[in-house]
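Beneath this line is the structure, given in structure tokens, with notes to follow.
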Amino acid sequence: MKLTAWGHPYSEFPEGKDSPDDFMRAFERWSNCGIERYIPFVSSRGTAYYDSSRLKVDRDLLSSIVKSAKEFGVEVHPILGLGPMGAGSEVRRYRIDTQRGGLKPEDIPSWARDWTCPSWEENRADAEAEAGEVAENYDIDGIHLDHVRYPNTSQINKYPCECEACCKSREPWLGHGVLTEEDLATPGVTYREIQHRNSCVKDIALRARRIADRHGLKLSMAARAWYLRSAVAEGQDWPRWCEEGVLDFICPMNYNLSNETFKKLIDDDVRLVGHTRTALYPGIGRSSSAGKMAPAQMIEQVSLCEEIGSEGVCIFHLNALTDEDIRLLKGYKKS
Numbered sequence: 083m084k085l086t087a088w089g090h091p092y093s094e095f096p097e098g099k100d101s102p103d104d105f106m107r108a109f110e111r112w113s114n115c116g117i118e119r120y121i122p123f124v125s126s127r128g129t130a131y132y133d134s135s136r137l138k139v140d141r142d143l144l145s146s147i148v149k150s151a152k153e154f155g156v157e158v159h160p161i162l163g164l165g166p167m168g169a170g171s172e173v174r175r176y177r178i179d180t181q182r183g184g185l186k187p188e189d190i191p192s193w194a195r196d197w198t199c200p201s202w203e204e205n206r207a208d209a210e211a212e213a214g215e216v217a218e219n220y221d222i223d224g225i226h227l228d229h230v231r232y233p234n235t236s237q238i239n240k241y242p243c244e245c246e247a248c249c250k251s252r253e254p255w256l257g258h259g260v261l262t263e264e265d266l267a268t269p270g271v272t273y274r275e276i277q278h279r280n281s282c283v284k285d286i287a288l289r290a291r292r293i294a295d296r297h298g299l300k301l302s303m304a305a306r307a308w309y310l311r312s313a314v315a316e317g318q319d320w321p322r323w324c325e326e327g328v329l330d331f332i333c334p335m336n337y338n339l340s341n342e343t344f345k346k347l348i349d350d351d352v353r354l355v356g357h358t359r360t361a362l363y364p365g366i367g368r369s370s371s372a373g374k375m376a377p378a379q380m381i382e383q384v385s386l387c388e389e390i391g392s393e394g395v396c397i398f399h400l401n402a403l404t405d406e407d408i409r410l411l412k413g414y415k416k417s
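Adding 82 to a residue's 1-based position in the sequence shown gives its number in the working numbering.
As structure tokens, this is what we get:
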């Protein structure tokens, strides 16, 4: 059972606590409890935490991460993608006409307003260029995709994107760009809309695959749980990508405070990708949008993943791990 964890280096190593010794102590602590892969967010809203010629650079944290991780045998798989991480211009983000829908701007969640839309070829090219830049300049072990999709179905099921690129994609087969209530109730329209989303999102994954192959890297992704309810409708048909060999390992974000629901989700994961060559690393939300779980429950969910035969788990997130978490993980790994 391999332990992997997502991290936010700009929080784990804030200014003033980002010396070489700080990095070495952190990776020693993490490796001692069995964490073998560190998957860090290295960009946020157009700001890079690595040496970039394309984005505004805050600090080059990735250099220190790679150096310290290698000292303790920890792999580094930087996170790259779209959504709130993308650097696209405002017109290339999720948009709807709030006035036509009788909405106020504040009715649209801030995370949705900031979402870099995959329908724009320019946004997909930006994601590819950023992945290529990191792969070229850093001695990393893999590329990890996140937010490679359209906004959550809680938003786009009712308010599909109306940016210029989305509208232009609909006009040839629908005759107009903005989806009406009648359109949203028509199965054929839903099919074509989801087909378009999956085509755009898969394009990003394939571009990343080519970069990974060029540099001898692994490609993985933080995937949406609830495959039919969320992932497919948001353009992220990750089980099919696994069947086609696009991804080396997959981390479905099964964050849930109910072990019963978590078990259902990981059973779904096995059904969806267990027959493929893609390794399964179910995501466990120690502290996530689903809430905070106790350290003991985190270990229970790790054990459930081992029972279904998954190669490992991916924990969200490192900054949430207390000394008790570290102690329990270390004990579990030894046992």
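Glycine included, every Cβ here is placed at the ideal spot set by N, Cα and C.
In or out: residue i buried (at least 16 other Cβ within 10 Å) or exposed?
i: PRO102; result: exposed
i: PRO122; result: buried
i: HIS357; result: exposed
i: LEU227; result: buried
i: PRO200; result: buried
i: TYR176; result: buried
i: LEU144; result: buried
i: ASP189; result: exposed
i: ALA307; result: buried
i: SER93; result: exposed
i: TRP255; result: exposed
i: GLU215; result: buried
i: THR86; result: buried
i: ASN205; result: buried
Quick one: measure Cβ to Cβ for residue i and residue j, integer angstroms, because I've assumed they're closer than 8 Å.
i: VAL271; j: GLY163; result: Actually they do not touch by this definition, with Cβ atoms about 27 Å apart.
i: VAL328; j: ARG291; result: 5 Å
i: LYS84; j: GLY394; result: 3 Å
i: TYR337; j: GLY317; result: Actually they do not touch by this definition, with Cβ atoms about 20 Å apart.
According to DSSP, which residues form a beta bridge with residue i?
i: MET303; result: LEU227 and ILE332
i: THR129; result: SER126 and LYS138
i: ARG175; result: THR198
i: ALA361; result: PHE331
i: GLU157; result: ARG119
Just the Cα atoms here: how many angstroms apart are residue i and residue j?
i: SER370; j: ARG182; result: 34 Å
i: MET106; j: ARG141; result: 17 Å
i: ALA294; j: GLU212; result: 12 Å
i: ASP208; j: SER417; result: 45 Å
i: THR129; j: TYR414; result: 37 Å
i: VAL173; j: TRP197; result: 11 Å
i: GLU253; j: TYR309; result: 28 Å
i: PHE331; j: VAL314; result: 18 Å
i: PRO91; j: GLY98; result: 13 Å
i: GLU275; j: LYS284; result: 14 Å
i: SER392; j: THR360; result: 11 Å
i: SER171; j: MET303; result: 25 Å
i: PHE95; j: ASP104; result: 8 Å
i: ALA305; j: GLY184; result: 33 Å
i: ASP221; j: PRO160; result: 11 Å
i: ASN114; j: LYS412; result: 7 Å
Taking 7 Å as the cut-off, is the C-beta of residue i nearer than that to any heavy atom in the ligand ATP?
i: HIS229; result: Here there are no bound small molecules, and the ligand ATP is not part of this structure.
Starting from residue i and walking both ways along the alpha helix (DSSP H), at which residues does that stretch end?
i: ALA378; result: 377-389
i: CYS396; result: No alpha helix (DSSP H) holds CYS396; the beta strand (DSSP E) holding it covers 394-398.
i: LEU85; result: Looking at the DSSP string, LEU85 is not in any alpha helix (DSSP H); the run it does join, the beta strand (DSSP E), is 84-89.
i: LEU256; result: 246-256
i: ARG182; result: Counting along the chain, ARG182 falls outside any alpha helix (DSSP H), and DSSP gives it neither H nor E.
i: VAL216; result: 203-219
i: SER145; result: 143-153
i: PHE109; result: 102-114
i: PHE95; result: From DSSP, PHE95 is part of no alpha helix (DSSP H); its letter is neither H nor E.
Since residue i is in the beta strand (DSSP E), which residue starts that stretch and which ends it?
i: ARG119; result: 117-122
i: ILE161; result: 161-163
i: ILE366; result: 365-367
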